[in-house]
Structure formats: C-alpha cells, structure tokens
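Note that the numbering used here has the sequence shown beginning at 5, numbered continuously upward.
Ideal Cβ placement from N, Cα and C applies to all residues, glycine included.
None of the values given here were measured: they were computed from a predicted structure.
Remarks on the structure that follows.
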Amino acid sequence: MVGYAFMGAAHSQAWRTAPRMFDLPLAPEMSVLVGRDEHRVGAAAQRMGWATTETDWRRVVERDDVDLVDICTPGDTHADIAIAALEAGKHVLCEKPLANSVDEAERMADAARTARESGVRSMVGFTYRRVPAIALAKRLVEQGRVGQVRHVRAQYLQDWIADPEAPLSWRLDKKKAGSGALGDIGAHALDLAQFLTGDTVVEVSGNLRTFVTERPIASDHAGLAGTASSERGPVTVDDAASFLAQFAGGAMGVFEATRFAYGRKNALRIEINGSKGSLAFDFEDMNVLEFYDAAESSDTAGFRRILATEPEHPYVAAWWPPGHGLGYEHGFSHQVVDLVSAIAAGVDPTPSFDDGLQVQRVLDAVETSSASRAWQTVPA
Ligand code: SOE
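Next comes the structure, spelled out in structure tokens:
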C-alpha cells in the first residue's frame with residue numbers, strides 16, 4: 005500500500021478486518037507500506053499492521069512478493085504508480101478520483117485494459133457503492149421497483165473548510181488534488197448516481213466557485229486539513245460545485261458538492277424518482293434506505309424507512325445482528341471482499357478504471373462548462 009494518511013488508515017483497517025469477518029477465497033498479507041519519510045512510515049506500519057516499509061514505491065512495484073498495489077496517495081501520483089504496477093503485472097486498487105486529468109485517466113484505463121489480457125485486475129475506490137443501504141437501492145432499481153428513472157438529485161455536503169482560517173491542505177492544491185469539492189466529493193455523488201441508475205451522464209451545465217482564495221498553510225497533515233501555520237497561500241481549487249446533468253436514458257440530474265455547508269459533515273445524499281417509485285439515502289443516516297412504492301394504496305402510501313441491517317441485505321450477514329448497524333469503515337472492508345473475490349474468480353472487479361475514466365470525463369466537462377458558461381457534451 006502506498007500512502008498512510010486518512011485513506012491509508014481506512015484501507016489498512018479493511019485489509020486487516022475483511023479476512024477475519026468474511027470467508028475470503030484468498031488470504032491477503034499486508035506485506036509492505038510505502039511512504040517517503042522513513043520514520044513516519046515506520047510508525048504508521050506498526051500502528052496499521054504492515055510487516056515492512058519502503059520509502060520509494062518503485063522498489064515495491066519491482067518486488068516478486070507483491071501481488072497487489074493499493075494506491076492511497078493524492079491524485080498527482082495515481083497515474084505513475086498505477087501504470088508502473090499494472091505493467092509489472094500487479095493488481096491495482098486506486099483511490100478516487102482515478103486521476104487529476106482526463107489524459108492521465110485515459111493512460112491508466114489503457115494500461116488496465118492491456119493488463120487485463122494477462123489476468124491483472126484493477127479497481128477504483130468508489131467505496132460508497134458498498135454501503136449496504138446503497139447496494140440494496142441498486143438491487144431495487146435492478147428489480148424494476150422504481151421503474152423508468154426520471155430524476156436524480158445528488159448532493160455531497162461537508163463543512164470542514166467553511167471557516168476561512170481552516171488551513172490549506174493538499175486537498176486545496178490543484179497540482180496535488182486536480183480539483184476541489186468537485187473531484188473529491190462530487191465524484192462520489194456522480195459515481196453513485198450512475199451506479200444506481202445504470203445510466204451515464206452525457207451532457208452537463210456546471211458552476212464552480214472558490215469562496216476563500218487564500219488560507220494559512222498547514223504545518224502538518226493531522227486530520228483532514230492539518231494545523232494552521234502563520235504563512236498563507238492560495239487556494240487553487242473549487243470550494244463548491246453544482247451541475248445540471250442529462251442522462252443518456254433521459255433522466256435529469258441535479259448535483260451539488262460543497263465543503264461550505266455548515267453543519268453537514270458527510271452528507272452524501274441521493275434521491276431517485278422513477279415511474280414506479282422513489283429511493284432516498286443520506287450517508288449521515290447510512291444504515292437507512294427510504295423507499296416509496298407508487299403501487300401502494302394512497303391512503304397508506306408513504307416513504308418506508310428500511311433499516312438495511314438484516315442478513316438478507318447486501319454484506320450484512322458477515323457482521324452484527326439486525327439493528328446493530330455498520331459505519332464508514334465497513335464500505336472499505338466490502339471493497340476488499342469484492343476485489344479479492346474477483347481476483348480469485350478471475351473476473352474483472354467494478355468499478356473499473358474505465359468507470360473511473362468516465363467519471364473523470366464528466367468532471368472535466370463540468371469544469372469546462374463552468375468556465376464557458378455553456379452546456380457541455382461529455383465525450384463518449
Ligand atoms: C474528504 O473530503 C473526504 O475524505 C473524501 O476524500 C472522501 O472521499 C470522502 O469519503 C470523505 O471525505
């Protein structure tokens with residue numbers, strides 16, 4: 005695994021836990037953790053359960069005892085690491101968004117397609133697909149319970165930089181992160197919308213804003229944003245993004261991603277209205293899926309609050325009894341389960357690098373549209 009901050013910790017927890025709670029066809033060994041600072045990566049490896057460390061990812065990609073490379077670094081290094089690993093015949097799990105640009109994402113998807121011919125697998129980490137309530141929503145859509153999708157309303161709302169004195173973390177640096185709220189959290193909302201509907205966004209009208217253009221530089225990387233120092237630097241990404249979207253199948257989409265929604269901590273919300281019913285989800289109440297069935301008699305019809313914690317619900321049987329609930333980290337364990345199972349079965353896991361590339365194309369079209377103030381077609 006390369007990188008050991010927030011995502012590194014979440015992935016490590018998943019690699020440790022998934023084989024203990026699920027009956028996996030292969031036994032993952034957490035062999036080497038990579039980070040540039042020898043002392044910090046050493047301490048992280050010990051804390052997170054990795055056997056050894058390296059300070060250069062290139063050495064890991066060359067090692068014969070490494071079968072899979074898990075990329076948990078900022079976006080500016082995804083393409084180099086993923087392409088080198090795939091070319092060396094290693095399976096790759098890469099954090100989202102897949103890359104910082106369409107060009108990088110195209111090269112990564114090309115490398116993944118070539119590697120696939122020799123049985124090498126790749127996956128992009130849109131983990132929210134693997135929240136049981138979301139996986140249940142997908143099942144209901146596939147069963148035709150919402151019918152023809154007409155509206156998709158998706159928001160990802162956070163507030164961790166709403167304070168103008170919140171420090172300038174790498175997530176606010178275009179060179180490292182590619183974009184701001186759009187790529188970091190809007191990408192999740194978009195992926196969920198396309199995953200749940202089984203449809204793709206083909207045209208967008210976007211609007212990006214940076215409310216706070218300068219911030220104190222972070223003196224360390226503790227937490228999401230780090231600790232402020234006295235020096236200041238420019239914010240080079242969007243603070244908030246919204247876009248209207250047209251889906252290939254005719255549905256209309258409204259998307260919003262912001263880190264300025266005071267009080268909303270991790271409100272990834274999605275609502276789908278179809279010809280037969282509606283579905284609604286909010287990550288801040290992540291064990292619940294709301295479902296409205298328009299076939300029910302109108303005197304008792306209403307949104308049904310489904311607690312997605314029954315053994316019949318996706319992934320839940322491996323965990324706790326009904327009602328005991330799952331959290332943020334479980335999605336990462338489910339990601340490991342699905343990835344390892346696909347590798348063992350010799351099939352391609354999803355979401356693929358092609359899926360990651362398609363998301364990147366939509367994000368890029370949103371940025372272009374915002375700059376040109378005109379609707380933008382997403383290249384096929
Ligand atoms: C920060 O905005 C962040 O950690 C994202 O990078 C993650 O993808 C999201 O799951 C939670 O918020």
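Check                                                                                                          : Outcome
Other residues of its chain near M279: CB distance less than 6 Å, five sequence neighbours each side excluded  : Strictly speaking, residue 279 in this sequence is Ser, with Met absent from that position. So the list reads G151 and Q152, once near-sequence residues are dropped.
Beta-carbon spacing of M256, H95 below 7 Å                                                                     : no
DSSP state of S122 mapped onto helix, strand, coil                                                             : coil
Near ligand 1: I189 beta-carbon under 6 Å from a heavy atom                                                    : yes
Distance, P355 Cα to G7 Cα                                                                                     : 21 Å
Local conformation of E42 per DSSP, three classes                                                              : helix
Buried versus exposed, by CB contacts within 10 Å (16 or more), K179                                           : exposed
R143: first and last residue of the uninterrupted beta strand (DSSP E) it sits in                              : Element bounds for R143: not the beta strand (DSSP E) but the alpha helix (DSSP H), P136 to E146.
Close beta carbons around T217, own chain, < 6 Å, minus the five adjacent residues each side                   : V239
Best match in A312, E314 and Y296 for proximity to G306 [C-alpha to C-alpha]                                   : Y296
Which of helix, strand or coil DSSP assigns to Y296                                                            : strand
Inter-residue CB distance, V206 and V382 (contact presumed, cutoff 8 Å)                                        : 5 Å
Entirely enclosed beta strand (DSSP E) segments - the segment 200–255, minimum 3 residues                      : 205–213, 218–224, 231–238 and 244–251
Bridge partners - A284, DSSP secondary structure assignment                                                    : E275 and E294
Alpha-carbon to alpha-carbon, E235 and D177                                                                    : 15 Å
Helix, strand or coil at A197 according to DSSP, with G and I counted as helix                                 : helix
Where the alpha helix (DSSP H) containing T354 begins and where it ends                                        : Run containing T354: none; DSSP gives neither H nor E here.
G281 and R117 closer than 7 Å at C-beta                                                                        : no
Range of the contiguous alpha helix (DSSP H) that encloses V73                                                 : Careful: V73 lies outside any alpha helix (DSSP H), inside the beta strand (DSSP E) at L72 to I75.
Spatial neighbours of A55 in its chain, beta-carbon cut-off 8 Å, leaving aside the 5 residues before and after : E33, M34, S35, V36 and A49
Selection from E99, D286 and W323 that minimises the alpha carbon distance to I310                             : D286
Closest by C-alpha distance to L367, when choosing among A346, S209 and I138                                   : S209
Burial state of V73, where buried means 16 or more other Cβ atoms lie within 10 Å                              : buried
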